[in-house]
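Undergrad:
Number of protein chains: 4
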Amino acid sequence: MKYKAGIIGATGYAGVELVRLLLRHPHAEIAAISSVSYKGQKISEVYPALAMIYDAVLEDEQAVIDKSDVIFGSLPHGLSENIALQCEKSSKIFIDLGADFRLQNEEEYLYWYENNFQFHDLHKKAVYALPELNREEIKNKTIIANPGCYPTSVALGLVPAVSKGIIENQSIIIDSKSGVSGAGRTPTQTAHFPECNEAFAPYKTATHRHTPEIEQTLSRYADEKVYVTFVPHLLPINRGILTTIYANLKTEKHVEEIHAIYENFYKNEAFVRIMPIGQTSNVKYVRYSNYCNISLHIDQRTGRLIVVSAIDNMVKGAAGQAIQNMNIVLGIAEKAGLEMSAPCV
Amino acid sequence: MKYKAGIIGATGYAGVELVRLLLRHPHAEIAAISSVSYKGQKISEVYPALAMIYDAVLEDEQAVIDKSDVIFGSLPHGLSENIALQCEKSSKIFIDLGADFRLQNEEEYLYWYENNFQFHDLHKKAVYALPELNREEIKNKTIIANPGCYPTSVALGLVPAVSKGIIENQSIIIDSKSGVSGAGRTPTQTAHFPECNEAFAPYKTATHRHTPEIEQTLSRYADEKVYVTFVPHLLPINRGILTTIYANLKTEKHVEEIHAIYENFYKNEAFVRIMPIGQTSNVKYVRYSNYCNISLHIDQRTGRLIVVSAIDNMVKGAAGQAIQNMNIVLGIAEKAGLEMSAPCV
Amino acid sequence: MKYKAGIIGATGYAGVELVRLLLRHPHAEIAAISSVSYKGQKISEVYPALAMIYDAVLEDEQAVIDKSDVIFGSLPHGLSENIALQCEKSSKIFIDLGADFRLQNEEEYLYWYENNFQFHDLHKKAVYALPELNREEIKNKTIIANPGCYPTSVALGLVPAVSKGIIENQSIIIDSKSGVSGAGRTPTQTAHFPECNEAFAPYKTATHRHTPEIEQTLSRYADEKVYVTFVPHLLPINRGILTTIYANLKTEKHVEEIHAIYENFYKNEAFVRIMPIGQTSNVKYVRYSNYCNISLHIDQRTGRLIVVSAIDNMVKGAAGQAIQNMNIVLGIAEKAGLEMSAPCV
Amino acid sequence: MKYKAGIIGATGYAGVELVRLLLRHPHAEIAAISSVSYKGQKISEVYPALAMIYDAVLEDEQAVIDKSDVIFGSLPHGLSENIALQCEKSSKIFIDLGADFRLQNEEEYLYWYENNFQFHDLHKKAVYALPELNREEIKNKTIIANPGCYPTSVALGLVPAVSKGIIENQSIIIDSKSGVSGAGRTPTQTAHFPECNEAFAPYKTATHRHTPEIEQTLSRYADEKVYVTFVPHLLPINRGILTTIYANLKTEKHVEEIHAIYENFYKNEAFVRIMPIGQTSNVKYVRYSNYCNISLHIDQRTGRLIVVSAIDNMVKGAAGQAIQNMNIVLGIAEKAGLEMSAPCV
């Protein structure tokens with residue numbers, strides 16, 4: 012028997028990526044999907060790629076909660092607390108791909124999202140769930156805050172260095188580049204093809220909402236409040252995030268030492284690949300997959316560590332990691348449904 | 012127990028796509044892979060996307076034949092006859108992704124490929140294998156000629172109309188557009204990024220080697236020798252073929268009639284999707300999948316049928332169809348290992 | 012002294028392309044520009060590419076008419092007749108980049124655009140202006156209908172063959188592919204980057220509004236009413252149209268003969284380049300320029316002529332041709348302001 | 012009468028960009044062009060975009076030197092010293108787009124380029140020519156070292172801050188992203204379309220040869236030896252460099268202060284555009300133009316200055332700047348031939 016999974020907000024890019032991945036999951040099946048805009052239509056009318064494969068009709072939120080054991084929420088921030096409440100009442104598991112439960116500090120949430128927490132009890136029950144870092148805490152939880160895409164790429168790339176104390180914590184500079192799917196499905200001037208094709212620019216320079224989430228994770232492993240400079244850029248490709256991270260080494264290190272620390276840190280991880288010394292992470296190696304590639308470089312002349320981290324923003328950065336979290340919560344094989352490689356071309 | 016599959020020429024784009032797909036096949040496993048250029052190296056050194064997923068070492072042709080039940084050949088034309096011979100001697104199944112066994116008429120092969128058949132007996136044993144058209148002939152064969160990418164998109168798009176006799180057979184015009192992966196992995200001026208990005212042009216106008224293969228299939232269903240005009244174009248995307256086909260209708264028809272003919276023709280087919288009237292095929296709906304999308308349009312003012320057929324050139328146009336053929340030959344579920352949908356973004 | 016040019020609708024893609032080109036025109040200067048949405052703002056706020064080069068403030072329609080000798084209208088169809096009327100009253104020259112004056116037959120306009128002509132007198136005064144075909148008719152006119160982008164690529168590619176009577180007029184099939192700028196500046200689902208990048212499809216199959224305009228031109232040179240099949244496709248590049256045209260030859264012809272006919276037809280034309288036999292038109296050779304490249308191919312096996320015509324949809328297909336028409340009307344050098352080549356990379 | 016310009020290495024991407032720009036120069040004309048690989052052919056056979064516009068035959072190096080007043084060298088490093096020698100003998104001006112004369116320190120040249128200086132006298136006569144920084148030094152020079160593409164984007168973005176002493180000189184981190192044309196015209200695996208399309212990665216991480224050139228310029232204005240971390244990335248677009256620069260502010264500053272410093276520094280510059288506060292540089296605003304856009308941002312939380320600098324790597328980063336230098340040396344208007352804006356789409 013398979014677990015029943017439901018998706019609220021199934022027609023957004025992250026929602027439909029959940030559909031794509033869950034359809035191939037060996038131990039879960041999609042019980043119901045919802046959409047406000049397309050309720051009553053088949054999802055395959057919205058996404059013809061799914062025709063003859065998955066022609067389910069989009070229902071409403073309540074139907075999804077009723078029919079599912081695990082509910083994925085893939086909505087703009089501000090809408091998840093109520094869903095979480097409904098899930099709690101029905102003793103269902105809620106995995107939130109939005110931002111509502113990611114920040115533990117309400118003041119930070121207020122500052123960056125201009126909103127207060129609605130139900131404080133729910134926030135206490137929730138867990139920020141990045142499996143490679145806090146797998147044990149996730150088990151037995153029922154409200155799962157799935158990390159943001161950029162913060163995933165940063166946390167996986169930096170936590171080994173931060174937790175081992177080899178870099179100056181306040182020297183971290185994060186230069187991220189994301190494919191356009193990260194901007195969502197709604198047409199905008201910025202994501203209009205002739206505007207972003209053959210173009211490239213940063214956006215929300217040093218003011219992006221993922222900043223406090225990044226700092227929250229790094230601070231936890233640094234044992235001090237860490238402040239970072241974070242600048243995301245819009246990359247004219249569909250998918251993928253590549254993050255280039257710079258930090259001052261506390262003492263001179265050979266790349267072999269750093270490499271060994273990272274290899275050891277992730278030695279039991281299925282989805283993190285530390286690239287051989289001399290090779291470089293590339294979005295190409297991870298897109299459409301749940302892998303995170305990390306390459307390590309040292310600028311000997313300036314004493315800096317450079318970490319290059321690549322993920323697929325829609326998989327490890329959203330739907331794939333959400334399924335990984337579901338697998339952990341349900342106690343099934345963590346890799347289930349997530350073993351596909353990136354296509355080589 | 013799983014069938015043992017081997018791949019000769021595993022580092023080309025079609026070869027490595029076989030790897031990607033076979034790694035997820037429920038009833039087959041990769042027994043050995045070969046490459047002339049990279050022999051002795053891990054395939055994951057050539058394609059880092061495979062690291063930690065499939066780190067097998069590239070061997071030579073003979074090792075692949077020895078270790079496998081089914082051998083896929085993914086080589087430039089002219090090299091497959093010898094492999095087929097070795098496979099026959101060892102009673103192994105050979106599935107050729109090259110052109111050597113596609114044409115039945117040696118004169119045509121000589122004309123278009125400037126080569127004679129080497130082993131005529133092998134050609135008699137071989138079958139041109141496009142499952143949706145000649146599934147029954149494929150079973151029990153041991154030399155399988157996997158169709159070319161363009162011919163697959165054309166045959167699936169036209170055979171219903173040709174076999175039902177509704178179009179003028181000598182009026183067929185085929186305007187195809189293919190992603191750059193079709194040009195292979197070797198760098199060339201044509202496929203150099205700054206040359207083909209933001210560019211678009213036909214190539215081998217009315218002289219492409221897939222022309223006789225297209226005509227061979229259509230002639231078979233037309234009961235006359237059919238000549239077509241075929242013009243391929245290079246599309247600045249990685250993957251996918253979209254073929255727009257024009258033909259004069261013998262008598263006036265409503266699109267509903269044509270649509271019903273196609274629906275009926277493919278009613279039992281898992282991988283052919285006739286799009287609803289009013290919708291249009293798009294490379295987007297099929298890439299990275301084994302599906303062929305077909306949309307049907309009538310130009311009432313000129314009495315022409317327009318068929319738009321879309322496939323992924325690397326999947327239904329190469330590796331996916333080869334696995335579909337393997338499934339047929341081995342008598343296992345035809346969809347096995349091929350059920351993934353195109354990503355929606 | 013320079014002629015004063017004005018642009019109504021200057022913030023659309025064609026409008027701002029007029030700005031870019033007129034800024035480099037030796038005998039004209041921009042006197043005023045207008046926009047409904049951005050009135051009162053600098054155009055360089057809308058398009059930062061123009062900052063420090065052209066920081067003019069957007070005014071309204073009337074200001075443009077008042078301040079200019081020549082008024083370019085770059086608006087959706089249906090809005091130009093009133094502007095033309097105002098221009099006539101003020102004895103100004105009006106060059107319309109929209110569709111309002113392109114069709115001579117009101118019934119066809121009604122059928123395809125669902126609109127009647129408003130001012131019949133103006134339509135009598137207007138000229139459909141494709142300089143290479145009817146330069147003499149354009150001189151001394153004051154209402155200039157600038158041709159559509161697709162029709163320009165088709166007319167230049169086909170008129171020599173049609174007017175020389177070498178093809179069967181009712182056998183013409185036109186397969187066009189256009190860059191996304193042709194869809195305009197307003198964001199839509201179709202032109203949303205993640206939807207059209209790595210995608211390819213036809214649209215408005217055999218129902219595009221440029222069809223009657225194409226037929227009007229061809230019919231004129233064929234001395235009979237010509238019906239064509241016309242299918243446009245959306246190409247994931249910013250700029251350029253490539254049109255592949257198929258037609259049955261009345262009698263067998265060598266490509267050299269056809270080539271000579273075309274060379275002769277365009278022997279005095281500065282902007283039409285007949286490519287050497289054996290070479291192929293490419294969007295790459297014409298983008299950002301006013302050139303039209305034409306390559307000629309014969310499919311000897313089927314007796315068909317294949318013409319491949321490439322233009323930049325924003326230049327020869329819109330703003331560049333409009334300036335070429337302005338030059339003709341003003342009696343200045345036809346190439347003035349239009350001599351730039353396509354960038355080679 | 013126009014000055015006679017010659018181009019050695021005219022079929023490389025920078026060489027042919029010189030052709031494109033010089034063809035529109037009001038005071039210079041191309042006297043001769045050379046190529047080793049294509050000698051004797053028309054350049055328009057290599058680049059059909061130039062057909063009917065510039066069909067000159069490619070000659071050899073000596074012919075170019077003989078026929079020209081100003082010689083542009085656009086060759087791989089190591090070949091320019093001999094050309095410079097020939098130019099000196101003939102009292103011609105030599106503008107080198109290669110790296111041979113950029114570094115003043117021979118040890119650094121040896122370290123990074125694994126080559127010694129050949130003719131020390133020539134190096135003493137040469138000037139590193141970045142007009143916005145050292146215009147006066149360039150006048151009257153006859154050997155002009157045209158800066159590298161990345162160093163141009165960095166120097167223009169950082170020199171105001173460095174020379175005003177507002178940042179910590181040893182804290183500079185430079186994250187650059189370049190279009191693929193920067194990799195040149197020769198096909199490689201890295202620049203093969205299916206490899207770099209929909210991909211993104213750094214290369215030569217902290218080991219790129221432009222590093223010492225960047226440091227040479229910054230050190231000059233810092234009055235101390237400055238070491239930087241420099242990481243270039245390959246961007247899947249044809250043209251353009253965007254460089255994101257991070258540095259610690261010595262003391263807290265408002266962005267208005269920094270903005271005023273930059274505005275003032277470049278107040279007389281035609282080609283540097285300091286973007287309004289709140290806006291962001293984008294490759295889109297500068298491609299195909301000689302402009303450099305700079306936007307300024309402060310991360311108040313960490314006390315860092317973030318400078319975003321964008322140029323077209325082929326224009327301000329190569330051919331355009333070379334022509335700007337020619338204009339300075341010849342004493343003609345510095346903007347001559349370089350006034351075109353970036354296309355808005």
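Protein chains in written order, with my numbering: chain A, 12 to 356; chain B, 12 to 356; chain C, 12 to 356; chain D, 12 to 356. Ideal Cβ positions, reconstructed from N, Cα and C, are used throughout, including at glycine.
Tell me whether A/G314 sits in a helix, a strand or coil according to DSSP, three-state version.
TA: As a working mapping, residue 314 of chain A is identified with position 303 in the first sequence. Of the three classes helix, strand and coil, the one that applies to A/G314 here is coil, per DSSP.
Undergrad: I'd like to know if the segment 87-106 of chain A and the segment 281-300 of chain A are in contact, where contact means that at least 3 CB-CB pairs between them fall below 8 Å.
TA: no
Undergrad: Residues of the segment 163-190 of chain C with a CB closer than 7 Å to any CB of chain B: list them in chain order, please.
TA: I184, D186 and K188
Undergrad: Measuring only the C-alpha atoms, how far is C/A357 from A/D71?
TA: Only positions 12 to 356 of chain C appear in the structure, and residue 357 of chain C is not among them; the question remains open.
Undergrad: Would you please state the rounded distance, in angstroms, between the beta carbons of D/A165 and D/I94? I believe it to be under 8 Å.
TA: Locating residue 165 of chain D in the fourth sequence gives position 154, counting from the first residue. Locating residue 94 of chain D in the fourth sequence gives position 83, counting from the first residue. The sequence as given places Val at residue 165 of chain D; Ala does not occur at that position. Not quite, the Cβ-Cβ distance comes to about 27 Å (not below 8 Å), so this is no contact.
Undergrad: Could you check what DSSP says for A/R284 in three-state terms: helix, strand or coil?
TA: Your numbering for residue 284 of chain A matches position 273 in the first sequence. Note: A/R284 maps to strand in three-state DSSP.
Undergrad: Quick check: what's the CA-CA separation for B/G26 versus B/V326?
TA: In the second sequence, residue 26 of chain B corresponds to position 15, counting from 1. In the second sequence, residue 326 of chain B corresponds to position 315, counting from 1. If I take the Cα positions, the gap works out to 11 Å.
Undergrad: At the level of alpha carbons, what is the spacing between D/H38 and D/K13?
TA: Residue numbering aside, residue 38 of chain D sits at position 27 when the fourth sequence is read from its first letter. Residue numbering aside, residue 13 of chain D sits at position 2 when the fourth sequence is read from its first letter. Going from the Cα of D/H38 to the Cα of D/K13 covers about 5 Å.
Undergrad: Taking all protein chains shown into account, do 16 or more other C-beta atoms lie within 10 angstroms of the C-beta of A/E147, making it buried, or fewer, making it exposed?
TA: Within the first sequence, the letter at position 136 stands for residue 147 of chain A. Exposed: under 16 other Cβ atoms inside 10 Å.
Undergrad: Run through the segment 135-205 of chain D for me and flag every whole alpha helix (DSSP H) of 4 or more residues, listed as ranges in chain order.
TA: 142-149 and 160-174
Undergrad: Could you tell me whether the Cβ of A/G310 comes closer than 7 Å to any Cβ of chain D?
TA: The count along the first sequence starts at 1 and reaches residue 310 of chain A at position 299. The amino acid at residue 310 of chain A is misidentified as Gly; the sequence shows Asp. Yes, A/D310 lies at the interface with chain D (some Cβ there is under 7 Å from its Cβ).
Undergrad: Any Cβ of chain D within less than 7 Å of the Cβ of C/C355?
TA: As a working mapping, residue 355 of chain C is identified with position 344 in the third sequence. Judged by the 7 Å Cβ criterion, C/C355 is in contact with chain D.
Undergrad: Strictly under 7 Å for the Cβ-Cβ distance: is D/I248 near chain A by that measure?
TA: Mapped onto the fourth sequence, residue 248 of chain D falls at position 237. By this cut-off, D/I248 is an interface position.
Undergrad: List the residues of chain C whose Cβ lies closer than 8 Å to the Cβ of A/S192, in chain order.
TA: Mapped onto the first sequence, residue 192 of chain A falls at position 181. Result: P205.
Undergrad: At least one CB of chain C closer than 7 Å to the CB of B/L293: is that the case?
TA: Taking the first residue of the second sequence as 1, we reach residue 293 of chain B at position 282. The sequence shown places Asn at residue 293 of chain B, not Leu. It does; some Cβ of chain C falls within 7 Å.
Undergrad: To the nearest angstrom, how far is it from the Cα of C/I124 to the Cα of D/Q52?
TA: The residue you call residue 124 of chain C lines up with position 113 of the third sequence. The residue you call residue 52 of chain D lines up with position 41 of the fourth sequence. The residue you asked about is not Ile; residue 124 of chain C is Tyr in the sequence shown. Between C/Y124 and D/Q52, the C-alpha separation is close to 51 Å.
Undergrad: Is it buried or exposed, D/S48, if we count other Cβ atoms within 10 angstroms and call 16 or more buried?
TA: Position 37 of the fourth sequence, counted from the first residue, corresponds to residue 48 of chain D. Label assigned to D/S48: exposed.
Undergrad: Around the C-beta of A/G109, are 16 or more other C-beta atoms found within 10 angstroms, so that it is buried, or is it exposed?
TA: Translated into the one-based positions of the first sequence, residue 109 of chain A becomes position 98. So A/G109 ends up on the buried side.
Undergrad: When you compare the CB of A/A210 with every CB in chain D, is at least one pair closer than 7 Å?
TA: If you number the first sequence from 1, residue 210 of chain A lands on position 199. Yes, A/A210 lies at the interface with chain D (some Cβ there is under 7 Å from its Cβ).
Undergrad: CA-CA distance, C/V30 and C/I82?
TA: What you label residue 30 of chain C is simply residue 19 of the third sequence in a count that begins at 1. What you label residue 82 of chain C is simply residue 71 of the third sequence in a count that begins at 1. Each residue's alpha carbon lies about 12 Å from the other.
Undergrad: Between the Cα of D/M337 and those of D/T22, D/G20 and D/H36, spot the shortest distance and give me the residue it belongs to.
TA: One-based indexing of the fourth sequence puts residue 337 of chain D at position 326. Out of D/T22, D/G20 and D/H36, D/H36 has the C-alpha closest to the C-alpha of D/M337.
Undergrad: What do you reckon, are the CB atoms on D/A43 and D/G17 nearer than 7 Å?
TA: As a working mapping, residue 43 of chain D is identified with position 32 in the fourth sequence. As a working mapping, residue 17 of chain D is identified with position 6 in the fourth sequence. Yes, the Cβ-Cβ distance between D/A43 and D/G17 is below 7 Å.
Undergrad: Between which residues of its own chain and A/E206 is the CB-CB distance below 8 Å, once the five residues before and five after are set aside?
TA: Here residue 206 of chain A refers to the residue found at position 195 when the first sequence is read from its first residue. Closer than 8 Å at the Cβ level, and outside the excluded window around A/E206, lie Q200.
Undergrad: The alpha helix (DSSP H) with C/S352 in it runs from where to where?
TA: Residue numbering aside, residue 352 of chain C sits at position 341 when the third sequence is read from its first letter. Per DSSP, C/S352 belongs to no alpha helix (DSSP H) and is neither H nor E.
Undergrad: Are any of the Cβ atoms in chain D nearer than 7 Å to that of C/A364?
TA: The shown model of chain C, from 12 to 356, leaves out residue 364 of chain C, and the question about it has no answer.
Undergrad: Taking Cβ-Cβ distances below 9 Å as the criterion, which residues of the segment 341-354 of chain C are in contact with chain F?
TA: This model lacks chain F altogether, as its protein chains are A, B, C and D.
Undergrad: Within the same chain, show all residues whose beta-carbon is closer than 6 Å to that of C/H308, passing over the 5 residues directly before and after it, in chain order.
TA: For the purposes of this step, residue 308 of chain C is taken as the residue at position 297 of the third sequence. Residues I317 of the same chain have their beta carbon placed closer than 6 Å to that of C/H308, with the five preceding and five following residues left out of the count.
Undergrad: With DSSP run on the structure shown, which of helix, strand or coil describes C/H36?
TA: Your numbering for residue 36 of chain C matches position 25 in the third sequence. Three-state DSSP puts C/H36 in coil, outside helix and strand.
Undergrad: Quick check on the DSSP output: the beta strand (DSSP E) that includes B/G17 runs from which residue to which?
TA: Translated into positions along the second sequence, residue 17 of chain B becomes position 6. Here the beta strand (DSSP E) through B/G17 covers Y14 to I19.
Undergrad: Assuming the contact rule is C-beta atoms closer than 8 Å, D/G251 and D/N304 should be a hit. Round their C-beta distance to whole Å, please.
TA: Within the fourth sequence, the letter at position 240 stands for residue 251 of chain D. Within the fourth sequence, the letter at position 293 stands for residue 304 of chain D. Separation of the CB atoms of D/G251 and D/N304 is rounded to 10 Å, and the pair is thereby denied contact status at 8 Å.
Undergrad: What's the C-alpha gap between D/K150 and D/V340?
TA: As a position in the fourth sequence, residue 150 of chain D is number 139, starting the count at 1. As a position in the fourth sequence, residue 340 of chain D is number 329, starting the count at 1. About 5 Å.
Undergrad: Could one say the Cβ of A/A25 lies closer than 7 Å to chain D's Cβ atoms, at least one of them?
TA: Here the question's residue 25 of chain A lines up with position 14 in the first sequence. No, because no Cβ of chain D sits closer than 7 Å to the Cβ of A/A25.
Undergrad: Throw me the rounded Cβ distance for the D/E224 and D/V237 pair, which I believe falls under 8 Å.
TA: For the purposes of this step, residue 224 of chain D is taken as the residue at position 213 of the fourth sequence. For the purposes of this step, residue 237 of chain D is taken as the residue at position 226 of the fourth sequence. So it is not a contact: roughly 12 Å between Cβ atoms.
Undergrad: Have a look at C/Y299 and C/V57 and give me their C-alpha separation to the nearest angstrom.
TA: The sequence position of residue 299 of chain C within the third sequence is 288, counting from 1. The sequence position of residue 57 of chain C within the third sequence is 46, counting from 1. Between C/Y299 and C/V57, the C-alpha separation is close to 20 Å.
Undergrad: For chain C, check one thing: does any of its Cβ atoms lie closer than 7 Å to the Cβ of D/Y277?
TA: On the fourth sequence, position 266 is the one that residue 277 of chain D refers to. Taking Cβ atoms only, chain C never reaches closer than 7 Å to D/Y277, which makes this a no.
Undergrad: For a contact meaning CB atoms closer than 9 Å, what does D/T199 contact in chain B?
TA: Your numbering for residue 199 of chain D matches position 188 in the fourth sequence. The contacting residues are P198 and H203.
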